[in-house]
Structures are given as C-alpha cells and as structure tokens.
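Student: Take this structure, written in structure tokens, and hold onto it; I'll ask about it next.
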Amino acid sequence: GEVSDGEGLRKVISVGGGLPIKEENRHLLKKLGTVFYLKATEETIYNRLKTDTTRPLLQGENPKQKIKNLMELREEIYCQASDFIVKVDKKEIEEIVVEIKKCL
C-alpha cells in the first residue's frame, strides 16, 4: 500500500526507534506501506546523538553501552518489521535515497 494525501502523492514517515517495539505498531506500519529499516552501527548512532539531551534512554553514564544494549534488544524486531534493510553508515542522504528507490 501507499500513503496518499488524496492526490496520489507518496509520503515518507520517519518513526522513532521505540515505535516498532509494540506489535500493534508494526502491524500499522505494514498497513501504511513499505517499511525500511535504516540500519546504522552503534558508533554512527552514538556520533549522531552524543549531544542530543532529549533522549532519556541515553542520558547518564556510558551512552555507548546503552546504545549497544538497545540495538541488541531491538535488532530482531526491526528486521521482522521491515520489508527492506538499508545500511546507512558513511553514506550521504542522496545515496540512501537511491538505495531506497531501487527497492520500490
């Protein structure tokens, strides 16, 4: 399926990392359309988020270990929820978009 605004335009919905954890949310994502898991290494995620103070799960000591723990807990769920997995480490946005378009 596609998400449409009534005029046939496709939409991209970016969800937070915790959203797919609930089974009902995974079902909703599948109903909305094609689901991509933009997979990054722990190091990439850390570098992106190390100055972000709005993420309570990563506050306190050893955020790298917290990221690793969350990724280990969520990896299987993310893979099950996704139609496609795109590795995003060391890639520009344009490269990622090209890879996504190839899957559609």
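Going by the working numbering, the sequence shown opens with residue 981, and the numbers climb by one from there. From the three backbone atoms N, C-alpha and C, an ideal C-beta is built for every residue, glycine too. Since this is a predicted model, take the numbers as computed values, not measurements.
1) On the DSSP bridge list, what partners appear for VAL1066?
2) Less than 6 Å between C-beta atoms, sequence neighbours within five positions excluded: which residues of the same chain meet that for LEU1110?
3) On the criterion of 16 or more Cβ atoms from any shown chain inside 10 Å, does ILE1047 qualify as buried, or is it exposed?
4) Under 8 Å between the Cβ atoms of LEU1012 and VAL1066?
5) Just verifying my parser: in three-state terms, what is the DSSP assignment at LEU1084?
Tutor: With the given structure in hand:
1) Listed as beta-bridge partners of VAL1066 by DSSP are LEU1018.
2) The question about residue 1110 has no answer here: the residues shown for the chain are numbered 981 through 1084.
3) With 16 or more other Cβ atoms inside 10 Å of its own Cβ, ILE1047 counts as buried.
4) Not a contact, by the Cβ cut-off of 8 Å.
5) Note: LEU1084 maps to coil in three-state DSSP.
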